[in-house]
Amino acid sequence: MDTPRNLIGQSLDDLDTPCLTLNLTACDKNLRTMSDAFAGKACKLRPHFKNHKCVTLARKQLAAGNCVGITCAKLGEAEVLAQAGGFDDLLIANQVVGPAKMARLVEAARKTRLTVAVDHPCHVDEIDAAATTAGVVIDLLVEVDIGMGRCGVQPGEPALDLARRIVGRRGVRFRGLQAYEGHAVYTDDPAMRRDNVTRSMNLAIQTRRLIEQTGIPVEVVSGGSSSTYPTTGSLDGVNEIQSGTYATMDWRYQQLAPRFDLALTVLTTVISTPAAGRAVLDVGVKGIGAEFGNPRVLHEPEAEIPSFRSEEHTVVRNVPAWRIGRKVHLVPSHACTTCNLYRQFIVHQDGRVVDVWPIEGSGRLA
Ligand SMILES: Cc1ncc(COP(=O)(O)O)c(C=O)c1O
Numbered sequence: 002m003d004t005p006r007n008l009i010g011q012s013l014d015d016l017d018t019p020c021l022t023l024n025l026t027a028c029d030k031n032l033r034t035m036s037d038a039f040a041g042k043a044c045k046l047r048p049h050f051k052n053h054k055c056v057t058l059a060r061k062q063l064a065a066g067n068c069v070g071i072t073c074a075k076l077g078e079a080e081v082l083a084q085a086g087g088f089d090d091l092l093i094a095n096q097v098v099g100p101a102k103m104a105r106l107v108e109a110a111r112k113t114r115l116t117v118a119v120d121h122p123c124h125v126d127e128i129d130a131a132a133t134t135a136g137v138v139i140d141l142l143v144e145v146d147i148g149m150g151r152c153g154v155q156p157g158e159p160a161l162d163l164a165r166r167i168v169g170r171r172g173v174r175f176r177g178l179q180a181y182e183g184h185a186v187y188t189d190d191p192a193m194r195r196d197n198v199t200r201s202m203n204l205a206i207q208t209r210r211l212i213e214q215t216g217i218p219v220e221v222v223s224g225g226s227s228s229t230y231p232t233t234g235s236l237d238g239v240n241e242i243q244s245g246t247y248a249t250m251d252w253r254y255q256q257l258a259p260r261f262d263l264a265l266t267v268l269t270t271v272i273s274t275p276a277a278g279r280a281v282l283d284v285g286v287k288g289i290g291a292e293f294g295n296p297r298v299l300h301e302p303e304a305e306i307p308s309f310r311s312e313e314h315t316v317v318r319n320v321p322a323w324r325i326g327r328k329v330h331l332v333p334s335h336a337c338t339t340c341n342l343y344r345q346f347i348v349h350q351d352g353r354v355v356d357v358w359p360i361e362g363s364g365r366l367a
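Pasting the structure below:
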């Protein structure tokens, strides 16, 4: 088994596969492009850790600038960053529930500033009680459902009611609103996406104004994604954008945000060429996220992956010259579930390994 140290300098052609590879030039360009979009703007970035779950990459996102902190999907992700150190403002853009989680939440809150989404008084009561007992303060965002139909109270009065229940507590503090326009993220037509985003985010902005009119300060309205940020990030009243996939990209997301490059691939090996024009690769559904479609072969538009169902095989057609042992880069349709399957990124430039970054949050689902 290769250790990370002796991988550095190796040619990608010599790597054991399947492994998760990250093109450093492409990734750096993506971080720069996203950061530049927020230069001089009131709205800032809060990159979403769920995309890659890698501490090194999260540090690079902050270092690229124009960031206010990091977004996490789960408490386990926040624990990874709090433990690593150097992350002083973490948002868990999700509900955290139950005594086991409360014990962990207050421990994480001892290490760094934590903000958590809530959409029911029982969330407020539970977090307030745990934080008060532990002697910490946890910030809360009231999650508003602006059309996605996932979590969240309705905009307007229901959100104001929940904000009122937070104000004046000892263990929790009302910080603002969580409003993710996830139902608009995959709208392919840019004009339709823009309209949908504007309509949806305006519900959050109107809710902000309503709460402010009652004298309750709203520090933050947080939402947005790698495909909606140009619109969401320019609306007056939205403070932070939770883009995630821009760092690594995948082929589905590149259709929505072509200004970002495909940095992430799963490097595979041809293990069989059983018939003319057909090759079989050494990865299947266990090694690559495919929620948005089959993977695609990088820089080989002719190559076809007609079905993608085997656990450990990918059949590729229309590849006349491929030989056994050849290395092939597969681009996933979904980067986030792919990264969650691996323990490290093999970082490369010009065909050689330049670094190995642990994916500390891999498999942290709780
Ligand atoms: C709460 C939340 N915010 C933001 C995002 C946007 O992330 P991305 O840029 O990867 O679409 C997501 C995606 O799932 C999300 O769930």
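For the sequence shown, the positions run 2 to 367 when this note's numbering is used. Backbone N, C-alpha and C define an ideal beta-carbon position, used for all residues, glycine too.
Proximity test, residue i beta-carbon vs ligand 3 heavy atom, cut-off 7 Å
{"i": "Val186", "result": "Inclusion of ligand 3 in the displayed structure is not the case, the ligand content consisting of ligand 1 alone."}
C-beta atoms of residue i and residue j nearer than 8 Å
{"i": "Leu257", "j": "Ser223", "result": "no"}
{"i": "Pro156", "j": "Val145", "result": "yes"}
{"i": "Ile93", "j": "Ala79", "result": "yes"}
{"i": "Tyr187", "j": "Gln243", "result": "no"}
{"i": "Ile347", "j": "Leu141", "result": "no"}
{"i": "Leu21", "j": "Tyr343", "result": "yes"}
{"i": "Ile206", "j": "Ala164", "result": "no"}
{"i": "Gly294", "j": "Arg253", "result": "yes"}
{"i": "Cys340", "j": "Lys54", "result": "yes"}
{"i": "Gly238", "j": "Lys42", "result": "no"}
{"i": "Glu220", "j": "Arg260", "result": "no"}
{"i": "Ile360", "j": "Gln350", "result": "no"}
{"i": "Trp358", "j": "Leu58", "result": "yes"}
{"i": "Arg60", "j": "Leu91", "result": "no"}
{"i": "Ile139", "j": "Leu178", "result": "no"}
Residues bridged to residue i [DSSP beta-bridge criterion]
{"i": "Pro359", "result": "Gln345"}
{"i": "Leu161", "result": "According to DSSP, which records beta bridges pairwise, Leu161 is partnered with nothing at all."}
{"i": "Ala192", "result": "None; Ala192 has no bridge partner."}
{"i": "Cys337", "result": "In DSSP, Cys337 forms no bridge with anything."}
{"i": "Cys68", "result": "Leu46"}
{"i": "Ile242", "result": "Leu46, Gly224"}
{"i": "Val317", "result": "Ala280"}
{"i": "Asp140", "result": "Thr116, Arg174"}
{"i": "Glu305", "result": "Arg318"}
{"i": "Thr215", "result": "Answer is none; Thr215 lacks a bridge partner."}
{"i": "His330", "result": "Leu268"}
{"i": "Arg297", "result": "Val332"}
C-alpha gap between residue i and residue j, whole angstroms
{"i": "Pro48", "j": "Leu25", "result": "18 Å"}
{"i": "Val81", "j": "Asp120", "result": "25 Å"}
{"i": "Gly1", "j": "Ala277", "result": "Outside the shown range of the chain (2 to 367) lies residue 1, about which nothing can therefore be said."}
{"i": "Lys287", "j": "Pro159", "result": "42 Å"}
{"i": "Thr315", "j": "Lys102", "result": "39 Å"}
{"i": "Thr374", "j": "Glu241", "result": "Past the edges of the chain, shown from 2 to 367, lies residue 374, and the structure says nothing about it."}
{"i": "Ala131", "j": "Thr116", "result": "14 Å"}
{"i": "Lys51", "j": "Leu32", "result": "16 Å"}
{"i": "Ile133", "j": "Arg111", "result": "It should be pointed out that residue 133 corresponds to Thr in this sequence rather than to Ile. The alpha-carbon atoms of Thr133 and Arg111 are separated by roughly 12 Å."}
{"i": "Cys68", "j": "Val281", "result": "43 Å"}
{"i": "Asp37", "j": "Arg174", "result": "32 Å"}
{"i": "Ile325", "j": "Gly352", "result": "20 Å"}
{"i": "Ala322", "j": "Ala367", "result": "45 Å"}
{"i": "Phe88", "j": "Val317", "result": "43 Å"}
{"i": "Met193", "j": "Thr232", "result": "12 Å"}
{"i": "His124", "j": "Glu301", "result": "49 Å"}
{"i": "Ser334", "j": "Val168", "result": "43 Å"}
{"i": "Gly10", "j": "Leu63", "result": "27 Å"}
{"i": "Ser311", "j": "Arg279", "result": "16 Å"}
{"i": "Pro296", "j": "Pro122", "result": "42 Å"}
{"i": "Arg210", "j": "Ala304", "result": "52 Å"}
{"i": "Pro5", "j": "Val56", "result": "16 Å"}
{"i": "Ala65", "j": "Ser363", "result": "23 Å"}
{"i": "Val267", "j": "Glu313", "result": "13 Å"}
{"i": "Gln214", "j": "Leu299", "result": "53 Å"}
{"i": "Ile306", "j": "Cys44", "result": "41 Å"}
{"i": "Asn319", "j": "Asp29", "result": "33 Å"}
{"i": "Met35", "j": "Ser273", "result": "41 Å"}
Top-ranked residue by Cα proximity to residue i, from the options
{"i": "Leu265", "options": "Glu305, Leu282, Val281, Thr246", "result": "Thr246"}
{"i": "Val284", "options": "Glu213, Arg195, Gln11, Thr18", "result": "Thr18"}
{"i": "Asn7", "options": "Leu331, Glu361, Val354", "result": "Val354"}
{"i": "Glu108", "options": "Val125, Thr116, Val137, Gln96", "result": "Val137"}
{"i": "Asp14", "options": "Glu312, Phe293, Thr270", "result": "Thr270"}
{"i": "Ala135", "options": "Arg171, Pro333, Leu268, Cys152", "result": "Arg171"}
{"i": "Phe289", "options": "Val198, His330, Pro191, Pro275", "result": "Here residue 289 turns out to be Ile, not Phe, going by the sequence shown. Ranking the options by Cα distance to Ile289, first place goes to His330."}
{"i": "Arg365", "options": "Asp356, Cys337, Gln350, Trp358", "result": "Cys337"}
{"i": "Met202", "options": "Asp189, Pro191, His184, Pro218", "result": "His184"}
{"i": "Leu23", "options": "Ile306, Arg327, Gly362, Asp262", "result": "Asp262"}
{"i": "Val98", "options": "Ser363, Pro307, Leu178, Asp129", "result": "Asp129"}
{"i": "Asp196", "options": "Gln214, Leu236, Asn95, Thr34", "result": "Leu236"}
{"i": "Ala291", "options": "Leu299, Pro275, Phe309, Val56", "result": "Phe309"}
{"i": "Asn95", "options": "Gln84, Phe39, Val154, Pro275", "result": "Val154"}
{"i": "Met149", "options": "Arg200, Pro191, Pro100, Arg166", "result": "Arg200"}
{"i": "Asp251", "options": "Asp189, Val332, Thr208", "result": "Val332"}
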